[in-house]
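These protein sequence lines map, in sequence, to chains V and F.
One gets my numbering by counting positions in the first sequence from 1 and adding 21 to each.
One gets my numbering by counting positions in the second sequence from 1 and adding 21 to each.
Every residue gets a Cβ at the ideal spot worked out from N, C-alpha and C, and that includes glycine.
Before any comments, here is the structure.
Protein chains: 2
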Amino acid sequence: MKLSTKGRYAVMAMVDLARHAQAKPVSLSDIATRQEISLSYLEQLFARLRRAGLVKSVRGPGGGYRLARGSAETRVSEIILAVDEPIKATRCTEMGATGCRADRSKCLTHDLWEELGNQIHTFLSSVSLLDVLERRLASRIAEAPAAAANNDSSMAAAS
Amino acid sequence: MKLSTKGRYAVMAMVDLARHAQAKPVSLSDIATRQEISLSYLEQLFARLRRAGLVKSVRGPGGGYRLARGSAETRVSEIILAVDEPIKATRCTEMGATGCRADRSKCLTHDLWEELGNQIHTFLSSVSLLDVLERRLASRIAEAPAAAANNDSSMAAAS
DNA sequence: CTAAACCCGAGCTACGTAGTCGGTTTTTCC
DNA sequence: GGAAAAACCGACTACGTAGCTCGGGTTTAG
Numbered sequence: 022m023k024l025s026t027k028g029r030y031a032v033m034a035m036v037d038l039a040r041h042a043q044a045k046p047v048s049l050s051d052i053a054t055r056q057e058i059s060l061s062y063l064e065q066l067f068a069r070l071r072r073a074g075l076v077k078s079v080r081g082p083g084g085g086y087r088l089a090r091g092s093a094e095t096r097v098s099e100i101i102l103a104v105d106e107p108i109k110a111t112r113c114t115e116m117g118a119t120g121c122r123a124d125r126s127k128c129l130t131h132d133l134w135e136e137l138g139n140q141i142h143t144f145l146s147s148v149s150l151l152d153v154l155e156r157r158l159a160s161r162i163a164e165a166p167a168a169a170a171n172n173d174s175s176m177a178a179a180s
Numbered sequence: 022m023k024l025s026t027k028g029r030y031a032v033m034a035m036v037d038l039a040r041h042a043q044a045k046p047v048s049l050s051d052i053a054t055r056q057e058i059s060l061s062y063l064e065q066l067f068a069r070l071r072r073a074g075l076v077k078s079v080r081g082p083g084g085g086y087r088l089a090r091g092s093a094e095t096r097v098s099e100i101i102l103a104v105d106e107p108i109k110a111t112r113c114t115e116m117g118a119t120g121c122r123a124d125r126s127k128c129l130t131h132d133l134w135e136e137l138g139n140q141i142h143t144f145l146s147s148v149s150l151l152d153v154l155e156r157r158l159a160s161r162i163a164e165a166p167a168a169a170a171n172n173d174s175s176m177a178a179a180s
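Structural data, given as structure tokens:
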């Protein structure tokens, strides 16, 4: 799961789309001005979102985009996966399975990154567009039991 | 929390260091050959790790590095924060607080990224070097209750 | 038939990662 | 004391790619 500004832009746009969903479809230029994202860049993002089946397009004047499903059925993880294609993750996966298993010690961290990926995906899968709109971001996740003593709090989302 | 290969290299090196911790300190060239990371690059990483107080150096022949604390007391999150300085996250933070609060609709996703950052940090804080060494990566985190229906499983760690 | 929208892909640019290089300083051991 | 092993330092660079622009289509309402 890649976490870039591209994915963030896509989510911003989709939230905007969900917010302004009405009878009429929403045009990209509306989203562009509201969210301050360039129109042509948005077009690229929505091309991918459409191919992924997350939105439907209506062409011609008065056209625009609609959510393919409801805002409660569209999860953030889907949006990010649609625009940021997955790419390779841990060094050993590039080496094609064998190299990794051959020298165990080299890939001690392998499980760690995989598990981290799972965590991120699980979280983002648990959040729908509607959740974001209504600011329902309950820490769905139980606090880690031990070890969470000090908080070097300088947090920031990944880029 | 930035998730780059730099951070991964640092964690790999620190796990290697924890694994080979003995009476003698571990030299970077040993780590370099075992983990296939260039020596000079490792030097840069360990300079930061040292400044962050995660390792101690011993100079001169037979010198090298030691963990400043035990492997059970060193958390993965600390390593990543030490080498990948935090950087800006959510666009509105760059705009300096006011801009964000002024137009609420623009920052609907703000809470989402912040919460995601918390999730990642919480997870990585819950894992110590010893945990990685012994492959104790229990899904410390409760499965998300609803919504986790489909698994579009193409996962990969962030880059 | 015109204009509003979507659609498409080629191309550009600035930035950060990942890495090199050449050197200095400390310290051990012969 | 001198050689050698290590940490230390900082400047420099190549390269990928994220992020964005441009210039054209194509569809369709009015």
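Collapsed DSSP secondary structure at residue i in the structure displayed
i: F:Val153; result: helix
i: V:Gly85; result: strand
i: V:Val148; result: coil
i: F:Met22; result: coil
i: F:Glu135; result: helix
i: V:Thr130; result: coil
i: F:Gln43; result: coil
i: F:Ala177; result: Caution is warranted here: a pLDDT of 37 is assigned to F:Ala177, below 50, making its placement in the model unreliable, and the coordinate value is therefore given only provisionally. In the structure shown, F:Ala177 sits in coil (DSSP, three-state: anything other than H, G, I, E or B).
Any C-beta of chain V under 8 angstroms from that of residue i
i: F:Phe67; result: no
i: F:Arg29; result: yes
i: F:Val76; result: no
i: F:Leu129; result: yes
Beta-carbon proximity list for residue i, same chain, < 8 angstroms, skipping 5 on both sides
i: V:Gly28; result: Ile100, Ile101, Val104 and Asp105
i: V:Glu64; result: Leu49
i: F:Ser92; result: Ala39, Ala42, Ser149, Leu150, Leu151 and Leu154
i: V:Gly74; result: Ala89
Within-8 angstroms CB hit, residue i to chain F
i: V:Arg72; result: no
i: V:Arg80; result: no
i: V:Arg156; result: yes
i: V:Leu133; result: yes
i: V:Glu136; result: yes
i: V:Val47; result: no
i: V:Ile141; result: yes
i: V:Thr95; result: no
i: V:Thr54; result: no
i: V:Val148; result: yes
i: V:Leu60; result: no
i: V:Val104; result: no
i: V:Leu88; result: no
i: V:Leu63; result: no
i: V:Leu145; result: yes
First through last residue of the beta strand (DSSP E) which encompasses residue i
i: F:Lys77; result: Val76 to Val79
N- and C-terminal bounds of the alpha helix (DSSP H) containing residue i
i: F:Ser98; result: Val97 to Val104
i: F:Val36; result: Thr26 to Arg40
i: V:Leu63; result: Leu60 to Arg72
i: F:Ala53; result: Leu49 to Gln56
Cβ shell of residue i (< 7 angstroms), same chain only, five flanking positions each side left out
i: V:Gln56; result: Met33, Ala34 and Asp37
i: V:Phe67; result: Leu49, Val76 and Tyr86
Residues near residue i by beta carbon distance below 6 angstroms, same chain, minus five either side
i: V:Arg157; result: none
i: F:Tyr30; result: Ile58
i: V:Arg70; result: Looking at the sequence provided, one finds Leu at residue 70 of chain V rather than Arg. Within the same chain, V:Leu70 has close Cβ partners Val76 and Ala103.
(request) Say whether the region 147 to 156 of chain V touches the region 86 to 99 of chain V, bearing in mind that this needs 3 or more beta-carbon pairs closer than 8 angstroms, one atom from each stretch. (result) yes
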